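Peer 1: Take this structure, written in structure tokens, and hold onto it; I'll ask about it next.
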Amino acid sequence: MKTTALITGASSGIGRELARIHAEKGGDVIIVARRQEKLEALKTELEEKFDVKVFAVAKDLSKLGSARELYNEVSKLNIKVDYLINNAGFGLRGKFHELSWERQQQMINLNMVALTELMYLFLPEMIKRNSGSILNTSSTASFIPGPLQAIYFATKSYVTFLSNAVAEELSDTNVTVTNLMPGATETEFAKTSGMDETGIFEKTVTARSVAEDGYNAMLKGKLDVVSGLTFGQNLMMKAIPFTPKKILLKQIRQMQEIN
């Protein structure tokens, strides 16, 4: 049976690859992002290659109220959303008190508020049908505090905890919530966040590989999936519970300083 996925942050990176993966499997897609021209290009590509329906919705989800607008627009199209994929998000590098408050507030709105509201709006329909899946893109940053990306790390911790809590609340249904936690990935994130010259992004994995891990985990109803960590990063993640917090904070800060 054909399914429809709504994917935010679909104009590039992991979101674009998630849209491609779903279309490859014959599913229709609602792609959402700020940049209309990139959405239209992706819509043309997917419709021509895979003979699926693609609905492109240009929407800046960092603006309060935009999630409700998106939900209303999808409702008017009378489309059943089988998979809600909250992938949109961005980060900023710098000291909390020195970064623009306006941009940090936009990050909170996008990374947390829009994601939460979309879950809240689409979940009742999934529960009523007793079917559906949600995939939220969090980050391995959600495990730890992040000096020089204080709000970004905090927003991703929120996404992880919210995803896991709601997943348990839904455990007596056939509706699932999966939390995707990528490491450093080849996307526009590094450049837009100012992280492209730091040690964290010296080694990256492809957006495609992360998207495949997340999509497959969503289909299986998994709670969490970590993707894209190097051997060294894996060792570091395993050492987190045993590392004194002051030392850990200093290590994270050093990793996020410009080389």
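According to our numbering, the sequence shown is numbered sequentially starting from 44. Cβ atoms here follow ideal geometry from the backbone N, Cα and C, with glycine treated the same way. Quick caveat, the model's predicted, so the values are computed rather than measured.
Mark Ile50 as exposed unless 16 or more other C-beta atoms lie within 10 angstroms of its C-beta, in which case mark it buried.
Peer 2: Buried, since its Cβ has 16 or more Cβ neighbours within 10 Å.
Peer 1: Around the C-beta of Ile290, are 16 or more other C-beta atoms found within 10 angstroms, so that it is buried, or is it exposed?
Peer 2: Flag for Ile290 reads exposed.
Peer 1: Are the region 60-79 and the region 138-153 touching by the rule of at least three beta carbon pairs closer than 8 Å?
Peer 2: Contact fails: fewer than three Cβ-Cβ distances are below 8 Å.
Peer 1: Among the candidates Glu60, Ala193, Phe165 and Leu278, whose CA atom is the shortest distance from the CA of Leu127?
Peer 2: Considering only alpha carbons, the answer is Phe165.
Peer 1: Is Val156 helix, strand or coil when you go by DSSP?
Peer 2: Helix, per DSSP.
Peer 1: What is the DSSP secondary structure of Pro225, reduced to helix, strand or coil?
Peer 2: Note: Pro225 maps to strand in three-state DSSP.
Peer 1: Just to confirm, are Phe204 and Ile283 a CB contact at a threshold of 7 Å?
Peer 2: Not closer than 7 Å, so no.
Peer 1: Would you identify the three-state DSSP class for Thr219, choosing helix, strand or coil?
Peer 2: Thr219: strand per DSSP, three-state reduction.
Peer 1: Using only CA atoms, which one of Arg172, Asp215 and Lys92 lies nearest to Asp125?
Peer 2: When only C-alpha atoms are compared, the closest one is Arg172.
Peer 1: According to the neighbour-count rule (16 or more other Cβ atoms, all chains shown, within 10 Å of its Cβ), is Tyr163 buried or exposed?
Peer 2: Under this definition Tyr163 is an exposed residue.
Peer 1: Could you name the residues that DSSP lists as bridge partners for Val268?
Peer 2: Leu223, per the DSSP bridge assignment.
Peer 1: From which residue to which residue does the alpha helix (DSSP H) around Ser176 run?
Peer 2: It is not in any alpha helix (DSSP H) - Ser176 instead sits in the beta strand (DSSP E) that spans Gly175 to Thr180.
Peer 1: If you compare alpha carbons, which of Met280, Leu153, Glu116 and Gln79 is closest to Ala131?
Peer 2: Measuring from the Cα of Ala131, the nearest candidate turns out to be Leu153.
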